[in-house]
Structures are given as C-alpha cells and as structure tokens.
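Notes follow once the structure below has been shown.
4 protein chains.
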Amino acid sequence: MKAVAEIQIIPIGSGVSVRKEVQRAHAILEDSGLNAQLHSYGTNVEGDLEDILRAVQRIHETLHAEGTVRLSTFLKIGTRTDKEPSLAGKLF
Amino acid sequence: MKAVAEIQIIPIGSGVSVRKEVQRAHAILEDSGLNAQLHSYGTNVEGDLEDILRAVQRIHETLHAEGTVRLSTFLKIGTRTDKEPSLAGKLF
Amino acid sequence: MKAVAEIQIIPIGSGVSVRKEVQRAHAILEDSGLNAQLHSYGTNVEGDLEDILRAVQRIHETLHAEGTVRLSTFLKIGTRTDKEPSLAGKLF
Amino acid sequence: MKAVAEIQIIPIGSGVSVRKEVQRAHAILEDSGLNAQLHSYGTNVEGDLEDILRAVQRIHETLHAEGTVRLSTFLKIGTRTDKEPSLAGKLF
Chain D
47 MKAVAEIQII PIGSGVSVRK EVQRAHAILE DSGLNAQLHS YGTNVEGDLE
97 DILRAVQRIH ETLHAEGTVR LSTFLKIGTR TDKEPSLAGK LF
Chain E
47 MKAVAEIQII PIGSGVSVRK EVQRAHAILE DSGLNAQLHS YGTNVEGDLE
97 DILRAVQRIH ETLHAEGTVR LSTFLKIGTR TDKEPSLAGK LF
Chain Y
47 MKAVAEIQII PIGSGVSVRK EVQRAHAILE DSGLNAQLHS YGTNVEGDLE
97 DILRAVQRIH ETLHAEGTVR LSTFLKIGTR TDKEPSLAGK LF
Chain F
47 MKAVAEIQII PIGSGVSVRK EVQRAHAILE DSGLNAQLHS YGTNVEGDLE
97 DILRAVQRIH ETLHAEGTVR LSTFLKIGTR TDKEPSLAGK LF
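Chains as they are written, first to last, in the numbering used here: chain D, 47 to 138; chain E, 47 to 138; chain Y, 47 to 138; chain F, 47 to 138.
In structure tokens:
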C-alpha cells in the first residue's frame with residue numbers, strides 16, 4: 047500500500063544540538079529508496095507503507111547502535127483508496 | 047527492541063463522528079497482543095517495536111478494506127537503551 | 047470557544063530523564079484551571095481554547111525561566127460546532 | 047518569546063478533500079505576518095510565540111465561522127534560550 051508520511055526524530059539527553067542525529071535519520075530514509083523531502087520540522091516521504099515503517103525501525107536501531115540513549119519519533123502517515131497518495135498532491 | 051508508542055487515527059471524509067473507526071483501530075491493537083491503554087487522544091501501547099509497526103500497518107489495511115477512503119495516523123514512538131521503556135515508567 | 051487538547055513537552059539537552067520538566071508542565075496545566083488528565087504520552091485537557099493556548103505559553107516561559115535551554119512541545123487541538131467537545135466524549 | 051512551529055489542520059467530516067480548508071489556514075498564517083513555509087505535511091512558521099498561538103486560534107474561529115464543523119490541529123512548537131530559534135537553523 048502506497049503512503050505518504052512525515053518523520054521527525056528527537057534524541058533525548060544527547061545535548062541541545064540534535065543535528066547529527068537528524069542528519070543520520072534523513073540519510074537512512076534516503077538510503078531506503080524513499081522519495082525523501084527534508085524540511086525544518088522533519089522529513090516527508092512517499093513510498094510503500096511497509097518500506098516507510100521498516101525505515102523508521104532502522105532509524106531507531108541504527109541511532110541506538112551508534113550511541114543515542116533515548117529516542118522519540120513523531121510520525122504522521124497518510125493513505126487513501128480513491129487515488130494514489132503523493133507528497134505533491136498534498137500541496138496546493 | 048522494546049518500545050512505547052501512542053497511536054491516534056483520523057478517518058478523513060467519513061463523517062463528523064469517527065467513533066467506529068477509532069474503536070476498530072483500538073481493537074486491532076488489542077488483538078495484536080500489545081499492552082494497549084485507551085485515552086481521549088489515542089491508544090498508548092507497549093511492546094516490541096516491530097509488532098507495534100505491524101499493527102499500525104494492519105490498522106490501515108483493515109480500515110481501508112472495510113470502506114474507509116482516507117486515513118491519517120499520528121504515531122509517537124519511544125525507545126531507550128538505559129532501561130526497558132514502559133508506559134508506567136512515563137507516569138510520575 | 048471550548049476545546050479539547052493533548053499537550054506533550056520534551057526538554058532537549060536536559061538529560062535522559064525528563065520527569066522533572068513533565069511534572070512542572072502538568073502542574074502549570076492544573077494551576078490554569080483546566081480539566082487535566084495525565085497519561086503516559088502527555089496531558090489531555092478540556093477548557094477554553096484561549097486558556098489552553100495561554101497555559102502552553104506559560105509552560106514555555108516558566109520552564110525556560112527555571113533553566114530549561116530547549117523545549118519542544120507537541121500539541122493536538124480539537125474543536126467542533128455540532129456539540130460541546132469533551133474528553134469524555136472522545137472515549138467509547 | 048521567539049519560536050518556530052509546525053501547524054497542520056485536518057477538517058473532519060468535510061469530505062475526502064481538505065484542500066480548501068488547508069489553503070484557508072495557510073492564508074491566515076501568512077496574514078498574521080509570520081514567516082510561513084508550506085510543505086506537504088503542514089506549514090512551518092517562525093515568529094513570536096504569542097502571535098503563533100493567536101493565529102492558531104484565528105484559524106479555528108475562522109474555519110468554524112465559514113462552515114467547518116469539526117477541526118483537529120497538530121502543532122509542534124520549539125523554543126530555546128541559547129540562541130534565536132529559526133526555521134533555517136533547523137535545516138542542515
């Protein structure tokens with residue numbers, strides 16, 4: 047099932063700057079073959095729902111393996127059956 | 047990897063009342079064997095991250111199969127390596 | 047205008063435990079005279095929309111004044127004109 | 047207090063397409079004098095926290111006055127004391 051999503055991660059207890067972790071998460075989304083569009087409040091992606099959810103899990107696994115102690119993710123997911131969901135279609 | 051999460055679903059275009067779809071989503075979370083706690087703004091769950099994400103996908107698949115045309119999900123996920131994450135541990 | 051809302055705050059860079067700040071935010075919501083229900087992923091409140099938004103601003107001002115360097119808030123707001131919105135009405 | 051925020055609105059029960067309401071909300075944010083950047087999952091804004099919250103309230107009041115029966119808003123707010131928060135500063 048095709049989906050659109052927004053993914054924002056917040057490392058907790060890693061310091062006031064979270065840039066390194068945010069960059070890492072975005073790179074994992076791009077590596078996953080998803081159409082990934084970075085903005086100031088997260089990364090918007092478009093792709094198969096299963097691939098998106100697998101990428102989210104990979105972000106948690108990777109960041110913890112690389113030293114992040116606590117991670118909070120905010121995820122918005124959109125699916126629809128009347129037409130193919132797309133990031134472009136959500137703009138006006 | 048153990049995780050805590052909050053799942054809120056919003057069917058779009060299904061009418062002003064969304065009770066039927068919210069009940070269905072909550073039932074799917076309970077059927078998935080997750081510790082599921084309903085509150086006014088979603089269902090908090092505790093369990094394996096992979097099981098949680100699979101349940102979210104099942105919610106989208108099931109509701110669409112049952113007639114919901116458009117579905118928006120808001121998901122918060124928490125993981126940590128210093129101790130086992132739990133819903134009880136997030137209360138004070 | 048009457049509203050229901052969910053408020054979750056995350057102090058960034060304050061350490062892995064965020065309990066102290068979460069307790070402080072919840073106390074401010076209760077002091078604001080809102081019906082405030084704590085759960086594992088935030089505090090659900092019910093009251094006048096203007097009072098809710100003012101309480102959110104007071105949380106940011108108070109926590110920064112007390113030493114929190116960076117604060118991220120996740121807020122869900124619900125209003126409706128067909129009947130009075132309530133936290134109880136969102137349960138089933 | 048200067049803040050950054052992301053605002054996403056979902057009209058519930060207004061039909062499968064929500065474009066008209068999303069456009070209206072974005073226009074209100076722009077009219078409020080906030081630096082407003084539209085993306086596929088909401089509008090990112092930068093400005094005074096009080097102005098941002100007042101604009102959110104104006105969105106709810108305006109959309110209801112224009113016929114929207116039920117409205118759900120998802121708001122992320124960021125403030126910090128170590129430097130001025132900005133949308134540009136959240137990109138890498």
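By construction, the Cβ of each residue, glycine as well, lies at the ideal position given by its N, Cα and C atoms.
Confirm, please, whether the CB-CB distance from residue j to residue i is below 7 Å.
{"i": "residue 56 of chain E", "j": "residue 105 of chain E", "result": "no"}
{"i": "residue 63 of chain Y", "j": "residue 114 of chain Y", "result": "no"}
{"i": "residue 141 of chain D", "j": "residue 81 of chain D", "result": "No answer is possible for residue 141 of chain D: it lies beyond the span of chain D, which begins at 47 and ends at 138."}
{"i": "residue 90 of chain D", "j": "residue 121 of chain D", "result": "no"}
{"i": "residue 124 of chain E", "j": "residue 118 of chain D", "result": "yes"}
{"i": "residue 53 of chain Y", "j": "residue 88 of chain Y", "result": "yes"}
{"i": "residue 48 of chain E", "j": "residue 130 of chain E", "result": "yes"}
{"i": "residue 126 of chain D", "j": "residue 116 of chain E", "result": "yes"}
{"i": "residue 137 of chain Y", "j": "residue 86 of chain E", "result": "yes"}
{"i": "residue 109 of chain F", "j": "residue 76 of chain F", "result": "no"}
Does DSSP put residue i in a helix, in a strand, or in coil?
{"i": "residue 136 of chain Y", "result": "helix"}
{"i": "residue 130 of chain F", "result": "coil"}
{"i": "residue 80 of chain F", "result": "coil"}
{"i": "residue 91 of chain D", "result": "strand"}
{"i": "residue 115 of chain D", "result": "coil"}
{"i": "residue 102 of chain F", "result": "helix"}
{"i": "residue 50 of chain E", "result": "strand"}
{"i": "residue 68 of chain Y", "result": "helix"}
Buried or exposed for residue i, please, with buried defined as at least 16 other CB atoms from any protein chain shown within 10 angstroms of its CB.
{"i": "residue 71 of chain E", "result": "buried"}
{"i": "residue 69 of chain E", "result": "exposed"}
{"i": "residue 111 of chain E", "result": "exposed"}
{"i": "residue 65 of chain F", "result": "exposed"}
Between residue i and the ligand SAM, is the CB less than 6 Å from at least one heavy atom?
{"i": "residue 47 of chain D", "result": "This structure simply doesn't include the ligand SAM, nor any ligand for that matter."}
Which residues does DSSP pair with residue i in a beta bridge?
{"i": "residue 121 of chain Y", "result": "Y/53, F/121"}
{"i": "residue 31 of chain D", "result": "Past the edges of chain D, shown from 47 to 138, lies residue 31 of chain D, and the structure says nothing about it."}
{"i": "residue 85 of chain E", "result": "E/88"}
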